[in-house]
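Just so you know, the sequence shown maps onto residues 1 to 294 in UniProt numbering. What follows is a set of notes on a single structure, which appears directly below.
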Amino acid sequence: MLKITTTSVTAPPPHISPSPSTTTTTTQKNLLNYINRRHLLTALSISFTTSHLSIPVADARGLFQMPPPRLTNQYYLVRAGESEFESLGIINTNPVAKTSVDSGLSEKGKKQIVKAALQLKEMGACDTGCWIWPSITQRAYQTAEIIATVNRISRSYIVPEYSFLDARGLGAYEGKNLEAVSEVYASDTISPRNKPPPIDDGTPNESVADVFVRVTQLMSILETQYSEETIVIVSPDSDNLTILQAGLVGLDLRRHRDLSFAPGEVRFVDISSIPTYKQPASAIYKCRNPPICT
């Protein structure tokens with residue numbers, strides 16, 4: 001450690017001009033102090049830099065990649081139960097109405113989630129505590145509340161997610177019959193960048209790639225914010241979860257529909273348990289007969 005020694009200098013009386021020898025001595029001491037300060041700053045700078053360089057870049061937890069080499073936390077994926085709109089067979093993905101009571105669980109959906117909550121309990125998901133991350137969408141948040149109640153988890157452990165878990169925006173399909181979604185999935189198998197037709201009512205028209213960005217950002221937050229925790233992710237739709245799981249296990253994103261979630265379905269994430277879905281070389285999986293791909 002550098003040791004700095006300074007000597008106070010008494011200025012000459014104002015009515016006496018300093019002698020040349022006094023001026024020289026003062027200048028030398030000022031120069032010495034300046035050099036010492038520079039040495040101290042340099043030493044501190046080197047110490048700061050080397051302490052940061054000693055942390056391997058690969059260990060930076062914020063750099064989340066798909067598929068991940070490992071997961072810091074345990075994850076359970078849950079699709080919300082059937083919504084009121086789904087019970088009527090209507091597509092509803094506009095985020096403007098996501099907190100509306102009309103976007104909540106149907107009576108059938110509530111029963112599905114009680115069953116899902118009991119399944120999580122049987123799996124021991126929250127035996128030692130868990131964090132529940134639902135979309136702020138009404139049906140997803142209601143799902144989280146039921147899960148918390150059945151598993152005796154305090155509401156303080158419910159963390160609402162405001163954008164990354166929004167239902168996939170289906171653009172011009174908004175308000176149409178649920179059966180029309182098959183056209184979206186046929187387009188997905190051709191390219192993950194294909195978007196549904198746009199609409200001007202505020203509903204996004206998201207491709208698989210768009211949703212992939214969102215769920216990757218979500219996982220980056222979770223893997224950075226928590227360590228050795230159990231996290232229950234609750235999505236209002238299936239696509240968020242299928243695209244997330246496809247990314248985690250390395251499945252070609254065009255095939256995310258192969259991992260489809262039913263309303264109220266619970267799934268534990270184990271990136272080593274689904275070898276069938278390892279991503280093939282891009283040249284292997286091709287759409288032979290667009291838009292019908294098998």
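Even glycine gets a Cβ: it sits at the ideal position worked out from N, Cα and C.
Asked	Found
Which listed residue (G247, R70 and D166) has its alpha carbon closest to that of Y141	D166
Start and end residues, beta strand (DSSP E) containing V159	Where V159 is concerned, there is no enclosing beta strand (DSSP E), given that its DSSP letter is neither H nor E.
C-beta contact flag for I187 and N194 at 7 angstroms	A small fix is needed here, since residue 187 is Ser in this sequence, not Ile. Yes, Cβ-Cβ distance for S187 and N194 is below 7 angstroms.
Length of the line joining the Cα atoms of D59 and L71	Reliability of the predicted coordinates at D59 is poor, the pLDDT of 44 falling under 50, and the value obtained from them is presented with this limitation in mind. For D59 and L71, the distance between alpha carbons rounds to 13 angstroms.
Chain-order list of residues whose beta-carbon lies under 7 angstroms from that of R168 (same chain, five-residue window excluded)	T93, E206, V211, D237, D239 and N240
Rounded distance between the beta-carbons of L253 and P192, thought under 8 angstroms	4 angstroms
Span of the beta strand (DSSP E) around V234	T230 to S235
Short Cβ contact (7 angstroms threshold) for G202 with V96	yes
Pair within 7 angstroms by beta-carbon distance, L222 and I231	yes
Pair within 7 angstroms by beta-carbon distance, S100 and E82	no
Nearest-angstrom beta carbon gap, N151 and L120 [assumed within contact, 8 angstroms]	6 angstroms
Simplified DSSP state of Q245, which is helix, strand or coil	helix
Exposure of P67, with buried meaning 16 or more beta-carbon neighbours within 10 Å	exposed
N-terminal and C-terminal residue of the beta strand (DSSP E) that R267 is part of	V266 to F268
Same chain, Cβ closer than 7 angstroms to V208, neighbours up to 5 away in sequence not counted	D188, P192, I243, L253 and H256
According to DSSP, residues forming a beta bridge with Y76	V232 and F268
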